[in-house]
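Novice:
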Amino acid sequence: MTELKTPSSEMVNPELAQIEVEGHERSDILMKGALAAGAIFGLGAISPFVRNAVGKADMGDVEILNYALTLEYLESAFYKEAKTKVKGSSDLMELINTLSTDEDAHVTALTDTIKKLGGKPVKAPKVAFPYTDAASFVKLATTIEDTGVSAYNGVAPEIKSKEVLAAAGSIVQVEARHAAAMGLQNGTSPAPDAFDPTLTQDEVLKAVQPFLVS
Amino acid sequence: MPEVKDREDETAIEKVKNGSVSRRGLLSAAGGTVALGAFLAACGGDDDSSSSSSSSTGSTGSSGSSMGEDDSTAMFGEGDLGILNYALTLEYLETAFYEDVVKSGLFKGSDLETIKLFGSQEADHVIALTDAVKQAGGKPAPKPKTEFPLNNAKQVLKLASTVENLGAAAYLGQAPRIKSPEVLAAALSIHSVEGRHAAALNTLLGKTIVPDGPFAKPAEAGMVLNAVQPFIVD
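Line by line, the protein sequences give chains A and B.
Here the first sequence is numbered in our numbering, starting from 1 and rising by one per residue.
Here the second sequence is numbered in our numbering, starting from 1001 and rising by one per residue.
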């Protein structure tokens, strides 16, 4: 990967050119701003985080919030059902309660924010989750929470409003906490990577498709 | 929070909030014993707080959310560079802390593995942030000299939990201030990992994984730096 030698050499780094070619309006504006300010960062160290983070053309904030809301609806339904369906340890049941409370609050907050911005909140999707016991539930929960973290981190750089970004950041940290706790229940690492990976919207929707019932 | 009229009567917490504590002042302000919980309470996010005192150096003890108005990373550099160096400083602290903890011999088994893992991840954060600063043509912040109280396993876990929860809040506090989408993406990829660390440590302590509830609270740089000052030695 070519690394920048001087901050003002705009076109030295091919990754930057590639991002501009993908034609994301807001990202372009930010890119140009960043380039103009000389604040160019060689992507060698951090390109994994950028690659997916600027992967979707110009979603407005309302669209992004509705994307997040869809995922939160999914998680909310997942934990609501788990409260009665899962037979687990008292620690696990307590964790399910906590996560259920959190996801419900996320649904409410995102819905309210979308309405405040003059948008129309999407409806809750019909969902079904394929687990049979506490162990398979925990495994699925870990995957779902990890996916949520990657989804939020992936889309966040496209958010225009600082307030919406702050809200998204506030939520994703909680999803990461969820993911860690479920990871511990799952017997896997609470922090599988030093840097949480991102997913594009397409990748996320593909990942959750199995749970959406038409 | 009302203005404190008489500085001499300030408690340690009030001194931190007012930003009137100098580097070594914190220890004497707290009567020689540093209760980190108290400092965190000061940072914690009294969201309605309207009091702030900004000195000409830009350091403030104010809490609450200000969208991009907090400039207390300016001491580390301008704009995104300053934010990266601020983050780097915190990561240096966390890395050093975990190294000391491993050396202390206070932990074994899976707890020790967790501590080693988190320490190696903080070390990775140091590398990435150092690279990012260099690539931006900036000078990476120096590694501070640190000293952490390591008395027994329980106290150390509590301190670890405090530091990680604070670190996560610190990143969250900076996110809306970051201009470059790549720097933001990098910061977020680290921010969520600090959240994971915090939750894991809280689990080990039998505490809630979400001390702030469904929405994590941001912390401003001034307060974070005040809170970690006790661990930085000359």
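Even glycine gets a Cβ: it sits at the ideal position worked out from N, Cα and C.
Under 8 Å, do Thr1095(B) and Val1126(B) count as touching if we go by C-beta distance?
Specialist: Result yes, Cβ atoms of Thr1095(B) and Val1126(B) sit closer than 8 Å.
Novice: Just reading off the alpha helix (DSSP H) that Leu1081(B) is part of, what are its end residues?
Specialist: 1079-1104 is the span of the alpha helix (DSSP H), which, as asked, contains Leu1081(B).
Novice: Give me the residue from Phe1097(B), Thr1130(B), Ala1221(B), Phe1076(B) with the minimum Cα distance to Leu1157(B).
Specialist: With distances taken between Cα atoms, Leu1157(B) lies closest to Phe1097(B).
Novice: Taking the alpha helix (DSSP H) that Met1223(B) falls in, what are its first and last residues?
Specialist: That run of the alpha helix (DSSP H) goes 1221-1228.
Novice: Round the Cβ separation of Glu103(A) and Glu75(A) to the nearest angstrom and send it over; I've been treating them as touching at under 8 Å.
Specialist: At roughly 4 Å, the Cβ-Cβ gap stays under 8 Å, so Glu103(A) and Glu75(A) are in contact.
Novice: With 8 Å as the C-beta to C-beta threshold (strictly closer), list the residues of the segment 184-207 of chain A near chain B in chain order.
Specialist: The segment 184-207 of chain A vs chain B, Cβ under 8 Å: Leu184, Ser189, Pro190, Ala191, Asp193, Ala194, Phe195, Asp196, Pro197, Thr198.
Novice: Could you check if Gly1119(B) is buried or exposed, using at least 16 other CB atoms within 10 Å of its CB as the buried criterion?
Specialist: Looking at its Cβ environment, which holds 16 or more other Cβ atoms inside 10 Å, Gly1119(B) is buried.
Novice: For Thr84(A), does the count of other Cβ atoms within 10 angstroms reach 16, so buried, or fall short, so exposed?
Specialist: Result: exposed.
Novice: So, helix, strand or coil for Thr1208(B), using DSSP?
Specialist: Looking at Thr1208(B) - three-state DSSP - the assignment turns out to be coil, as it is neither helix nor strand.
Novice: For Ala179(A) and chain B, any beta-carbon pair shorter than 8 Å?
Specialist: Output row for Ala179(A): interface = yes.
Novice: Within 8 Å (strictly less), CB to CB, does Ile171(A) reach chain B?
Specialist: Yes, because at least one Cβ of chain B sits closer than 8 Å to the Cβ of Ile171(A).
Novice: Of the choices Phe129(A), Ser170(A), Ile159(A), whose alpha-carbon is the least far from that of Pro1181(B)?
Specialist: Out of Phe129(A), Ser170(A), Ile159(A), Ile159(A) has the C-alpha closest to the C-alpha of Pro1181(B).
Novice: Using CA atoms only, rank isn't needed, just tell me which of Val174(A), Val213(A), Leu212(A) is closest to Ala105(A).
Specialist: Ranking the options by Cα distance to Ala105(A), first place goes to Val174(A).
Novice: Just checking my contact of Thr1073(B) with Ala1200(B) at CB under 8 Å: how many whole Å lie between their CB atoms?
Specialist: The pair is not a contact, with the Cβ atoms about 27 Å apart (cut-off 8 Å).
Novice: Scan the segment 1137-1222 of chain B and note each continuous alpha helix (DSSP H) run of 4 residues or more that stays entirely inside, going in chain order.
Specialist: Listed in chain order, they are 1153-1174, 1181-1205.
Novice: Listing by chain order, which chain B residues have their CB less than 7 Å from the CB of Leu165(A)?
Specialist: In chain order: Ala1175, Pro1176.
Novice: Apart from the five residues just before and just after Leu69(A), which ones in its own chain have a Cβ nearer than 8 Å to its Cβ?
Specialist: Contacts found: Val107, Leu110, Thr111, Ile114, Pro121, Val122.
Novice: Nearest to Glu1194(B) by alpha carbon, out of Ala207(A), His178(A), Leu71(A)?
Specialist: When each option's Cα is compared against that of Glu1194(B), the closest is His178(A).
Novice: Under 8 Å by Cβ, that's how I've got Phe129(A) and Phe211(A) pegged, so tell me the actual separation to the nearest angstrom.
Specialist: Sure, about 6 Å apart at Cβ, within 8 Å.
Novice: Following the continuous alpha helix (DSSP H) through Gln209(A), name the residue where it begins and the one where it ends.
Specialist: Segment: none, Gln209(A) is in no alpha helix (DSSP H) and carries neither H nor E.
Novice: So, with DSSP's three-state summary, where would you put Val149(A)?
Specialist: In this structure, Val149(A) counts as helix in the three-state DSSP scheme.
Novice: According to DSSP, is Glu81(A) part of a helix, a strand, or is it coil?
Specialist: Reduced to three states, the DSSP call for Glu81(A) is helix.
Novice: Which bits of chain A does Pro1140(B) rub up against, with CB to CB less than 7 Å?
Specialist: Within 7 Å Cβ-Cβ: nothing; Pro1140(B) doesn't reach chain A, min ~12 Å.
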